[in-house]
Amino acid sequence: MADGMVAGMANTVGQSTKLASSHASHAQPGKPVSPPVYRQSTLTFETVAELDAVKGSAFTYGRHGNPTTRQIERLLCDLEGAHGAMLTPSGLSAITTAISAVVRPGDHILVADSVYGPTREFCDRTLRRWGVDVTYYAPTIGSQIGTLMRSTTRLVVAESPGSLTFEMQDIPALAEAAHWHGALLMIDNTWGTPLHFASFAHGVDISVHSASKYIGGHADLCMGVILAAEPVYGEIRACYRELGLAVGADDAALALRGLRTLAPRLACHQRGAINIAAWLYGRPEVADVLYPALPTAAGHAIWRRDFTGACGLFGVLLRDAYDARTVASMVNRLSLFSLGYSWGGFESLVLPCDPRGTRTATTWAHEGALVRFHIGLENVDDLKADLDRALRTLNDKTTA
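Encoded structure:
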């Protein structure tokens, strides 16, 4: 009954209701809320006619998916407004597969200078080896990106905000310029998530996510997602199948479990992050806080216009009085923030960053150290107390 009710209300219920109420569909009475885990490689059929009837339209081999992966794909499409979705073994594989599907030798692509580091490596090494020309652009270029377009420009690769330096990009302006010149727009929407940025409503053609982050939500999953608009979906799906990409049944079950609680988890991450980011902004050790949800942030106006919420990830620029050794000592003193890559799980994380060596179109002009924080689900007062103890050591070392 609940399934039918939600299906009939698909265009009127909120996103959190969609996530919590999209149960597995089973005909038998006493059906489980969560679907079974479909561990499968070989699928069998009763007759040749039965096999022929489902070719290309249903599951014929384990790599082609199962009811769990299909449920995730449909749910993500519904949330973000895509035509179709594909699950990949990692966020990076989602990025590289989507790009590989749409570019050809001789094409030109534009890539945000703030893009995820491994994406830049793929563009600089693999794409250039394939004969694809890559130009990096300033993340805040907006509609002026049209001045960089060529007759061979096939794709614009955006990431808004950047996951290290948090520049907000004017996605509608990028989309208009890209489409005017016959190019596609792709965005890494991991920070925004399908809940907080409706990418396709803002003109995006391809949206990719690291499901290892908030979709999984428990730091125990590696997975990526490609979402695509109808005109380009078939091209990407064909490349996806030809590359032999698939996700395991247990990973798919973990991703679906994470999706169920995405809305309340994100709300908690956002509340904690806004509280702590505003508190850090007033600290004497801090030069700036790079968090689009803060009114003081450079990209706040774009975030407020285009996004419906934020996540728990932001950057902190420290005053330039602190050298690298002093900052490292401060980070080492944190007890509730674990030192590590990735983000989007239940735990708080910290990572010193240096974006200076990865810029080619722009110059990172800030002299102070950049430290990235992910605010987890811990008590906010406990996290602030931990940060306070560590930050105070900066002043001790500076005045010693």
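Okay, so the sequence shown: first residue is 1 according to the numbering used here, each after it adds one.
All C-beta atoms in this analysis are idealised placements derived from N, C-alpha and C, irrespective of residue type, glycine included.
Can you tell which of the options has the C-alpha that lies nearest to the C-alpha of residue i?
i    : options                   : result
P161 : W303, R325 and P295       : W303
D78  : L377, T17, M330 and D107  : T17
V286 : A101, G315 and N275       : G315
T140 : S207, T126, T165 and A324 : T165
A158 : G142, L148, F200 and M186 : M186
V37  : Y61, N66, L51 and A183    : N66
D382 : I276, L19 and T261        : I276
L148 : N379, A183 and L391       : A183
D323 : G62, N395, A229 and Y233  : N395
R319 : N379, N332, P284 and R325 : P284
Quick one, are the C-beta atoms of residue i and residue j less than 8 Å apart?
i    : j    : result
Y291 : A267 : no
I171 : V204 : yes
G224 : A238 : no
D107 : Y137 : no
A255 : E347 : no
V208 : L155 : no
A98  : I215 : no
G217 : G344 : yes
T68  : L110 : no
V327 : C353 : no
T190 : G340 : no
T424 : R120 : Coverage of the chain is limited to positions 1 through 400, which leaves residue 424 absent and any answer about it impossible.
In angstroms with no decimal places, state the Cα-to-Cα distance between residue i and residue j.
i    : j    : result
G312 : E46  : 51 Å
V13  : L259 : 16 Å
M86  : Y240 : 8 Å
A310 : A53  : 46 Å
F197 : A253 : 24 Å
K179 : R150 : The sequence shown places His at residue 179, not Lys. Each residue's Cα considered, the two are about 12 Å apart.
G368 : P35  : 50 Å
S342 : L221 : 11 Å
H64  : V247 : 10 Å
G84  : E235 : 11 Å
P32  : P89  : 27 Å
A375 : R125 : Looking at the sequence provided, one finds Ile at residue 375 rather than Ala. Going from the Cα of I375 to the Cα of R125 covers about 34 Å.
E73  : A175 : 24 Å
A400 : P118 : Its pLDDT being 45, under 50, A400 is placed unreliably in this model, and the coordinates cannot settle the point.
A390 : R265 : 27 Å
A20  : A49  : 38 Å
K55  : D188 : 33 Å
R325 : F373 : 18 Å
R257 : V331 : 33 Å
S70  : Y233 : Residue 70 is actually Arg in this sequence, not Ser. The alpha-carbon atoms of R70 and Y233 are separated by roughly 15 Å.
T360 : Q144 : 18 Å
D388 : V380 : 12 Å
Quick one: what's got a C-beta closer than 7 Å to residue i's C-beta in the same chain, skipping five residues either side?
i    : result
M168 : S160, P161, P292, G299, I302 and W303
Q15  : L79, L195 and A263
Y281 : V289, L294 and T296
R39  : A249
M5   : Low per-residue confidence applies at M5: pLDDT is 41, beneath 50, and the placement is therefore not dependable enough to give any value.
L243 : T97
D306 : I171, F197 and H202
S451 : This structure gives no information on residue 451, because the portion of the chain shown stretches from 1 to 400.
A229 : A82, H83, F200 and D205
E470 : Outside the displayed span of the chain (1 to 400) sits residue 470, for which this structure offers no information.
D251 : L221 and M223
Note down, in chain order, each residue of its chain lying with its Cβ closer than 6 Å to the Cβ of residue i, except the 5 sequence neighbours on either side.
i    : result
W364 : P355 and R356
F122 : T96
G142 : D170 and A173
G62  : Q40 and S41
T261 : none
L51  : F45
Would you mind giving the Cβ-Cβ distance between residue i and residue j, rounded to the nearest angstrom? I have them listed as a contact below 8 Å.
i    : j    : result
E80  : P231 : E80 to P231, Cβ: 16 Å. No contact.
D386 : L351 : About 16 Å; that fails the 8 Å criterion.
L43  : T60  : 6 Å
Y116 : S41  : Rounded, the Cβ-Cβ distance is 32 Å, inconsistent with contact.
F200 : A82  : 6 Å
W401 : K213 : The structure shown does not extend to residue 401, since the chain is modelled only from 1 to 400, so the question has no answer here.
L317 : H366 : 5 Å
Please work out which residues of its chain come closer than 8 Å, Cβ to Cβ, to residue i, disregarding the five sequence neighbours upstream and downstream, and give them in chain order.
i    : result
R128 : V134
G146 : A177, W180 and H181
Q270 : A293, G309, A310, C311 and G312
S338 : E347, S348, L349 and V350
P105 : W130, G131 and V132
Examine chain B for any beta-carbon lying closer than 8 Å to the beta-carbon of residue i, and answer yes or no.
i    : result
T363 : The structure shown contains no chain B, having only a single protein chain.
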